[in-house]
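Engineer: Basically the numbering used here = 1-based index in the sequence shown + 1.
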Amino acid sequence: MTAASRLHFGGDYNPEQWPEETWAEDMLLMKEAGVTMVTAGIFSWAKVEPRPGEYDFGWFDRVMDHLGDAGIRVCLATMTASPPPWLSRLHPEVLPESADGSRRWPGGRQHYCPSSPVYRTYAARLVERLATRYAEHPALDTWHVGNEYGCHTRQCYCDVSAADFRRWLGERYGTVEELNDAWSTAFWSQRYDTFDEVLPPRLAPTFANPAQQLDYWRFSDDALRQCYLAEHAVLRRVTPDVPVTTNLMPQHKPVDAFAWAPHQDVMSLDYYQDPYDPMAHRVAAFSFDLMRSARDGQPWMLLEQAPSAVNWRPRNGPKKPGTMRLWSWQAVAQGADAVLYFQWRQSRGGAEKFHSAMLPHAGTDTRVFREVADLGRELASVPEIAGTRSRADAALLTDWNSWWALELDSHPSTSLDQSLINRAHHQTLFEAGVACDILPPDRDLSAYRLVVVPNLYLLTEDDARRLEAYVEGGGHLLVSFFSGIVDECDRIRPGGYPAHLRRLLGLRTEEFWPLDEGARVSVHGALNGTADLWSEVIHLEGAEAVARFTDGDLAGGPAVTRHAFGSGTAWYLGTRLDATAMRALMDQVRAAADVRPVLPGLPAHVQATVREGAGTRFLFLLNHGPGSAVVELPAPLRDRLRPDAEPAATVTLAPRGVA
Ligand code: GLA
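1. Over what stretch of residues does the alpha helix (DSSP H) that includes Tyr135 continue unbroken?
2. Determine the extent of the beta strand (DSSP E) in which His9 is found, giving its start and end residues.
3. Tyr158 by DSSP, collapsed to three states: which one?
4. Would you check if the distance between the CB atom of Val235 and the CB atom of Ala125 is smaller than 8 Å?
5. Ordered along the chain, which non-local residues of its own chain (more than five positions away) have a Cβ less than 6 Å from that of Pro455?
6. Does the Cβ of Asp271 lie closer than 7 Å to at least one heavy atom of the ligand GLA?
7. Let me check understanding here. Comparing Cα to Cα, which of Ser348, Arg316, Gln156 and Leu170 lies closest to Val256?
8. Between Leu451 and Ala393, what straight-line distance do the alpha-carbon atoms span, to the nearest angstrom?
9. Write down every uninterrupted run of the beta strand (DSSP E) in the segment 408 to 452 whose length is 3 residues or greater and which is fully enclosed by it, in chain order.
10. Spatial neighbours of His67 within its chain, please: C-beta separation below 6 Å, excluding the five flanking residues on both sides.
11. Answer yes or no: the CB of His145 versus the heavy atoms of the ligand GLA, is any distance below 7 Å?
12. Any idea what DSSP makes of Cys76, helix, strand or coil?
13. How should Ala187 be labelled, buried or exposed, when 16 other C-beta atoms within 10 angstroms of its C-beta is the threshold for buried?
14. Using 10 angstroms around the beta-carbon of Glu178, count the other beta-carbons present and answer buried if the total reaches 16, otherwise exposed.
15. What are the boundary residues of the beta strand (DSSP E) that includes Pro637?
16. With a CB to CB cut of under 8 Å and the five nearest residues on each side skipped, what residues in its chain are close to Thr651?
17. For Gly530, does the three-state DSSP call read helix, strand or coil?
18. For the alpha helix (DSSP H) containing Gln227, list its first residue and its last residue.
19. For His282, is the classification buried or exposed, using 16 other Cβ atoms within 10 angstroms of its Cβ as the cut-off for buried?
20. Can you tell me where the alpha helix (DSSP H) with Asp290 in it begins and where it stops?
21. Provide the residue span of the alpha helix (DSSP H) that contains Met268, from first to last.
22. Helix, strand or coil: how does DSSP classify Pro559 here?
23. If we call anything under 8 Å between Cβ atoms a contact, is Lys321 one with Pro276?
24. Do you know whose CA, among Glu379, Val596 and Asp438, lies nearest Pro644's CA?
25. Can you name the start and end residues of the beta strand (DSSP E) that Met38 belongs to?
26. Quick test of your reading: Glu473 and Phe550, contact by CB under 8 Å. State the CB separation rounded to the nearest angstrom.
27. Give the DSSP-derived three-state secondary structure of Ser309 in the structure shown.
28. Does the structure place the segment 102 to 122 close enough to the segment 77 to 92 that three or more beta carbon pairs sit under 8 Å?
29. Nearest CA to the CA of Pro139: which residue from Asn312, Cys76, Cys159 and Ala532?
30. Mind checking whether the beta-carbon of Glu17 lies closer than 7 Å to any heavy atom of the ligand GLA?
31. What is the DSSP secondary structure of Ala183, counted as helix, strand or coil?
32. Consider the C-beta atom of Ala47 and the heavy atoms of the ligand GLA; say whether any pair is separated by less than 7 Å.
33. List the residues that DSSP assigns as beta-bridge partners of Leu505.
34. Tell me which residues share the same chain as Thr510 and place their Cβ nearer than 6 Å to its Cβ, disregarding the 5 neighbours each side in the sequence.
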């Protein structure tokens, strides 16, 4: 993306769905709406390569020229997200299979096996043509590889994938003895004599080997990434100076955003809040923080959002007036330098004809088009926000390897959901108005005053030592239950849980005591409330109890603990607290760590963030509440979105208002 000159604005452009006469009008209306960038060609493969090896780029040349003439930058898709029907007719083995052996047929999209060398070869051939053809085109800005990898085909279990999995395992383990050891195959007579006997974890009569399942998550993520990297390699060679991205999905289990981040020049995210969810902005806040953190605070792109309703929920609520603006600004407030939509012109046919678009079926005399155009103008008025960054005193750690392992079957409780656990912790910081980065556990933590570990079930010994060193050096750490339980191969470390964290936390967990569905227990001490989902038998070995269970099977036992370690403090939460008690705990931890909100005394539902650049500091205020809100600032500030207003120390935000 052209760096830091403005906040880009636009959307997916699918001109092949419309007669060519429409394109000139598209350009005029795009200018009217303030569009500065489109992402084009995402589903154009079948039209540019109608028959194998026969290319028809003429129409797409004209699209690019139109855009170039209109001064609109192109985030050019590699067109490989939906293979044309001829590919699977010619090579049926490219079609993916699910765990029960059933095939996924063409007719939708993303109907390819990620391991398929045939798919990768045909895709790379197209990308070579495309990159060569448009390398010098003045409108080309950024490459958009594939589209939402793993959205529909997350994992494939076909024979091609099985062979690729065996190759991958060979590289990972070297010998079959190592594999047997890593997978604990002494259990249930699962010992392999050669790699040739190994299969993906296809549907089995009962629980498939957990380490095999965990490796299949890793392998499948890697297979998707190899598709991306194969195209990336072509683009790098042909257009070394053009940045490359791919649009990730939020909290998307099949795709490890931290592992993909180093291979992208700019992170980009598609985000579709549910307008019927009153918590939608808090859920989004987690993903936005993660996008910003994944490449060390570098501005990212909101590559897709809906102007109003989507078409794929059971009930597709429209965004109320002002909501789209508010949520777009939220992305910018949390580090985005681009706001794009799916899609420019609403489709006439196909599965997404009821999905909203910037230019609705009803045309320009519509609320949606007016709101879009207003936002386009507004974003254009503050170009100097682009390139600015933010910093946080708190970090939350999460890890895809641990997520995959946590949600395997045959655990003390199958109600543990990584996204929900992460969000519950993130939300308490969000509500307290604290800026937070989201990182994998192997990052340098020394810049943070507070580190929160919602749940790292799988924790490597190195990462556990890193946490120890962090606290020893004066850091404040909050670790929640069922963390540090298994190694990379989902094997328990004996000697009392959580083995590698016992010294740091100053305790030993003897037995897990998950709570039955709907059951609650009381917790009292320095914080009071109720808890559900989880409890455990904790023995203090240096830590002190901050709060104890006061009823239920574990009455009298510690529920929350604190341990002075080196120059810092490690807190442990052995249950799931209700939201109020969780806030009380986080307030105590924050006070000890001296982690302050971005702005003190913020009214409820108002989000405040800061982005700073050379000599400029932007404070963003967003009112997510249903009523108006008054924010007192420490000093008068000028509202850049109301250029005629005098600087003021009191800001009144209308419902869904932004300053
Ligand atoms: C995803 C896809 C788009 C479109 C939208 C609809 O984000 O990338 O092509 O299908 O969903 O919400």
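For each residue, glycine too, the CB sits at the ideal point set by N, CA and C. Computed from a predicted model, the values in this text were never measured in an experiment.
Structural biologist: Result, derived from the coordinates:
1. Translated into positions along the sequence shown, residue 135 becomes position 134. Pro118 to Tyr135 is the extent of the alpha helix (DSSP H) around Tyr135.
2. For the purposes of this step, residue 9 is identified with residue 8 of the sequence shown, where counting begins at 1. His9 to Tyr14 is the span of the beta strand (DSSP E), which, as asked, contains His9.
3. One-based indexing of the sequence shown puts residue 158 at position 157. It is coil, neither helix nor strand.
4. Indexing the sequence shown from 1 puts residue 235 at position 234. Indexing the sequence shown from 1 puts residue 125 at position 124. Yes, Cβ-Cβ distance for Val235 and Ala125 is below 8 Å.
5. Here residue 455 refers to the residue found at position 454 of the sequence shown. Excluding sequence neighbours, Pro455 sits near Ile422, Asn423, His426 and Ser481.
6. The residue given as residue 271 occupies position 270 in the sequence shown. Yes, Cβ of Asp271 sits closer than 7 Å to a heavy atom of the ligand GLA.
7. Position 255 of the sequence shown, counted from the first residue, corresponds to residue 256. Measuring from the Cα of Val256, the nearest candidate turns out to be Gln156.
8. The residue labelled residue 451 in the question sits at position 450 within the sequence shown. The residue labelled residue 393 in the question sits at position 392 within the sequence shown. The alpha-carbon atoms of Leu451 and Ala393 are separated by roughly 10 Å.
9. 437 to 440
10. Position 66 of the sequence shown, counted from the start, is the residue given in the question as residue 67. The answer, listed in chain order, is Trp24 and Met28.
11. Looking up residue 145 in the sequence shown gives position 144. It does not: the Cβ of His145 is nowhere closer than 7 Å to a heavy atom of the ligand GLA.
12. As a working note, residue 76 is residue 75 in the sequence shown. Residue state, collapsed to three classes: strand.
13. As a working mapping, residue 187 is identified with position 186 in the sequence shown. Exposed.
14. Residue 178 sits at position 177 when you count from the first residue of the sequence shown. It is exposed - the Cβ of Glu178 has fewer than 16 other Cβ atoms within 10 Å.
15. Here residue 637 refers to the residue found at position 636 of the sequence shown. That run of the beta strand (DSSP E) goes Ala630 to Leu638.
16. By one-based count along the sequence shown, residue 651 stands at place 650. Same-chain partners within the cutoff: Val631, Val632, Glu633 and Leu634.
17. In the sequence shown, the residue the question calls residue 530 occupies position 529. Here Gly530 sits in strand by DSSP.
18. To locate residue 227, count along the sequence shown from 1; it is residue 226. Gln227 -> alpha helix (DSSP H) spans Pro211 to Val239.
19. Stepping through the sequence shown from its first residue, residue 282 is reached at position 281. So His282 counts as buried.
20. Along the sequence shown, one-based indexing puts residue 290 at 289. Where Asp290 is concerned, the enclosing alpha helix (DSSP H) stretches over Ala281 to Ala295.
21. Start at 1 with the first residue of the sequence shown, and residue 268 comes out as number 267. No alpha helix (DSSP H) holds Met268; DSSP gives it neither H nor E.
22. Here residue 559 refers to the residue found at position 558 when the sequence shown is read from its first residue. In this structure, Pro559 counts as strand in the three-state DSSP scheme.
23. On the sequence shown, residue 321 is found 320 positions in, with the first residue counted as 1. On the sequence shown, residue 276 is found 275 positions in, with the first residue counted as 1. Yes.
24. Here residue 644 is taken as the residue at index 643 of the sequence shown, counted from 1. Pro644 has its Cα closest to that of Glu379, out of Glu379, Val596 and Asp438.
25. For the purposes of this step, residue 38 is taken as the residue at position 37 of the sequence shown. Met38 to Ala41 is the extent of the beta strand (DSSP E) around Met38.
26. Stepping through the sequence shown from its first residue, residue 473 is reached at position 472. Stepping through the sequence shown from its first residue, residue 550 is reached at position 549. About 30 Å separates the two Cβ atoms, so there is no contact after all.
27. Reading the sequence shown from its first residue, position 308 is the one you call residue 309. Coil, per DSSP.
28. yes
29. In the sequence shown, the residue the question calls residue 139 occupies position 138. Out of Asn312, Cys76, Cys159 and Ala532, Cys76 has the C-alpha closest to the C-alpha of Pro139.
30. Walking along the sequence shown from the start, residue 17 turns up at place 16. Flag unset: Cβ of Glu17 not near the ligand GLA.
31. On the sequence shown, position 182 is the one that residue 183 refers to. Reduced to three states, the DSSP call for Ala183 is helix.
32. Numbered from 1 along the sequence shown, position 46 holds the residue referred to as residue 47. Every heavy atom of the ligand GLA is 7 Å or more from the Cβ of Ala47, so no.
33. Here residue 505 refers to the residue found at position 504 of the sequence shown. According to DSSP, Leu505 bridges with nothing at all.
34. Taking the sequence shown and counting its residues from 1, one reaches residue 510 at position 509. Counting only Cβ-Cβ distances below 6 Å, and skipping sequence neighbours, we find Tyr498, Glu537 and Ile539.
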